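Protein chains in written order, with the numbering used here: chain H, 1 to 153; chain B, 1 to 153.
Cβ atoms here follow ideal geometry from the backbone N, Cα and C, with glycine treated the same way.
As the structure is a computational prediction, the values presented were derived from the model and not from experiment.
Written below as structure tokens is the structure these notes are about.
Protein chains: 2
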Amino acid sequence: MTKPDRTTALIDPLAGQLGYELRRAAAAMMTAFGGELEPLGLRPSEASMLVLIGSNPGRTQSDLGRALRIKPANMVPIINRLVMSGAVRREPGEGRSLAIFLTDDGKAIYRQVRKKLLRHERRFSRRLSRDARRRLIDALRSICSEACRGLDF
Amino acid sequence: MTKPDRTTALIDPLAGQLGYELRRAAAAMMTAFGGELEPLGLRPSEASMLVLIGSNPGRTQSDLGRALRIKPANMVPIINRLVMSGAVRREPGEGRSLAIFLTDDGKAIYRQVRKKLLRHERRFSRRLSRDARRRLIDALRSICSEACRGLDF
DNA sequence: TATTGTTATACTCTATAACTATA
DNA sequence: TATAGTTATAGAGTATAACAATA
Numbered sequence: 001m002t003k004p005d006r007t008t009a010l011i012d013p014l015a016g017q018l019g020y021e022l023r024r025a026a027a028a029m030m031t032a033f034g035g036e037l038e039p040l041g042l043r044p045s046e047a048s049m050l051v052l053i054g055s056n057p058g059r060t061q062s063d064l065g066r067a068l069r070i071k072p073a074n075m076v077p078i079i080n081r082l083v084m085s086g087a088v089r090r091e092p093g094e095g096r097s098l099a100i101f102l103t104d105d106g107k108a109i110y111r112q113v114r115k116k117l118l119r120h121e122r123r124f125s126r127r128l129s130r131d132a133r134r135r136l137i138d139a140l141r142s143i144c145s146e147a148c149r150g151l152d153f
Numbered sequence: 001m002t003k004p005d006r007t008t009a010l011i012d013p014l015a016g017q018l019g020y021e022l023r024r025a026a027a028a029m030m031t032a033f034g035g036e037l038e039p040l041g042l043r044p045s046e047a048s049m050l051v052l053i054g055s056n057p058g059r060t061q062s063d064l065g066r067a068l069r070i071k072p073a074n075m076v077p078i079i080n081r082l083v084m085s086g087a088v089r090r091e092p093g094e095g096r097s098l099a100i101f102l103t104d105d106g107k108a109i110y111r112q113v114r115k116k117l118l119r120h121e122r123r124f125s126r127r128l129s130r131d132a133r134r135r136l137i138d139a140l141r142s143i144c145s146e147a148c149r150g151l152d153f
């Protein structure tokens, strides 16, 4: 039996690592966003989709899914829940495709979500200068496109 | 029946949003990291824990969990799997606590994971200048600490 | 009693495979 | 046959509640 050290601070070899810090920051923002959405009864994925639909009424489910990199199989429950909540309606389109629209209720929720999103973004951008924010977004995009090199998306 | 528009590019109202771009970049890096770990039979959470243990041998399970913000209930299966794979062993410590160590096999895997982590970080930092990387990490930390304001961690 | 660990369970997002329906 | 949508299912991370064991 060895006595475990419980006084010395732990060494965190992950601190300062890009992937690690990125993951933690993203998780933190996501958790906060989820909390803000709770009163609306929406999950982050549903709220994102609602906003996308509001900006692109009448587009097909598969187009919407592609835009947010959500697989068709995972689009189904997202749209289903939005339909069941009365925010969205499906209309038959060409072929098997379904055109997605916001209902009047959905438009009201859409405006609420946009407002929450704005506040959320502002809260987390507050400490960043305009320039710093710009650079941060650029860096994030470059990371994203690096990951996508050689992949299908 | 309304004909869905399938020619015009979609408007992405989430593009340029901090939370959205952050989430995508983090998911991209995480997916890439998961792929690199596959040959080792480790999940990202297990690999992270292995690296933490290697840098802090003999610390308790709860200390390790706190360091990576992993809840005690979620630590159990992570350590279990590392033990079952032969990389880690538990030793009884003070009270109910368990001191965690790498086995000799675990030390070999640890070195492999560190190497993979280094390559991974380098790959995604390549396009960033030393300064840009520093600023990025700082921004990520400021986002993290903003989220943690008013919370327990 | 306070801390540590464990079990069970549920939620959210993601992924694949196999299927149906339509042009 | 190619595209769109659906179903079922599994994996990964995270969360809570309830419980056991130890000092």
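| query | result |
| --- | --- |
| Near-chain B residues of the segment 42-59 of chain H - C-beta to any C-beta below 8 Å | Ser48, Val51, Leu52, Gly54, Ser55, Asn56, Gly58, Arg59 |
| Separation of B/Cys144 from B/Met30, as counted between CA atoms | 18 Å |
| Residue closest to H/Pro57, alpha-carbon to alpha-carbon, out of H/Glu146, H/Arg127, H/Ser125, H/Leu98 | H/Leu98 |
| Contacting positions in the segment 100-119 of chain B - beta carbon closer than 9 Å to chain H | Ile100, Phe101, Arg114, Leu117 |
| H/Asp28 (DSSP reduced to helix, strand or coil) | Going by the sequence as given, residue 28 of chain H is Ala instead of Asp. Correct three-state label for H/Ala28: helix. |
| Inside the segment 34-101 of chain B only - beta strand (DSSP E) runs reaching at least 3 residues | 88-92 |
| Inter-stretch contact (C-beta, 8 Å, three-pair minimum) for the segment 64-77 of chain B and the segment 110-122 of chain B | no |
| Interface partners of B/Ala32 on chain H, CB under 8 Å | Ala147 |
| B/Ala108 to H/Ala9 span [Cα, whole Å] | 25 Å |
| Selection from H/Glu94, H/Ile11, H/Ser142 that minimises the alpha carbon distance to B/Arg126 | H/Ser142 |
| CA nearest to the CA of H/Arg43, picked from H/Arg81, H/Ala27, H/Thr60, H/Gly19 | H/Arg81 |
| With 16 other Cβ atoms within 10 Å as the buried cut-off, status of B/Ala147 | buried |
| Buried or exposed (CB count within 10 angstroms, at least 16 for buried), B/Thr7 | exposed |
| Residues that B/Ile78 contacts on chain H, provided the C-beta gap is smaller than 7 Å | Within chain H, no residue comes near B/Ile78; the closest Cβ sits about 15 Å away, beyond 7 Å. |
| Limits of the alpha helix (DSSP H) - the one that B/Ala132 falls within | 130-148 |
| Chain-order list of residues whose beta-carbon lies under 8 Å from that of H/Leu136 (same chain, five-residue window excluded) | Leu128 |
| As assigned by DSSP and simplified to three states, the class of B/Gln112 | helix |
| Test: H/Pro13 CB closer than 8 Å to a CB of chain B | yes |
| H/Gly106 versus H/Lys115: straight-line alpha-carbon distance, rounded | 14 Å |
| Listed by chain order, chain H residues near B/Ile70 by CB distance under 8 Å | By Cβ distance, chain H contributes nothing, its closest Cβ being about 12 Å from B/Ile70, past 8 Å. |
| Cα-Cα separation between B/Gly41 and H/Arg130, rounded to whole angstroms | 43 Å |
| Buried or exposed (CB count within 10 angstroms, at least 16 for buried), H/Arg59 | buried |
| Cβ neighbour criterion (16 or more within 10 Å) applied to B/Glu46 | buried |
| With 16 other Cβ atoms within 10 Å as the buried cut-off, status of B/Asp104 | exposed |
| Environment of B/Val76 [buried if 16+ CB atoms lie within 10 Å] | exposed |
| Classification of H/Gly93 by the beta-carbon crowding that lies within 10 angstroms, buried from 16 upward | buried |
| Pair within 8 Å by beta-carbon distance, H/Ala25 and B/Leu140 | yes |
| Cβ of H/Met1 within 8 Å of any chain B Cβ | Confidence in H/Met1 is poor, its pLDDT being 43 and thus under 50, which makes the residue's placement too unreliable to answer from. |
| Beta-carbon contacts of H/Val88 that lie in its chain and below 8 Å, excluding the five residues immediately before and after | Leu50, Ile53, Ile79, Leu82, Ile100, Phe101, Leu102, Thr103, Gly106 |
| CB contact check: H/Glu21 to chain B, cutoff 8 Å | yes |
| Chain H within 8 Å of B/Leu18, Cβ atoms only | yes |
| Beta-carbon spacing of H/Ser55, B/Pro13 below 8 Å | yes |
| CB contact check: H/Glu121 to chain B, cutoff 8 Å | yes |
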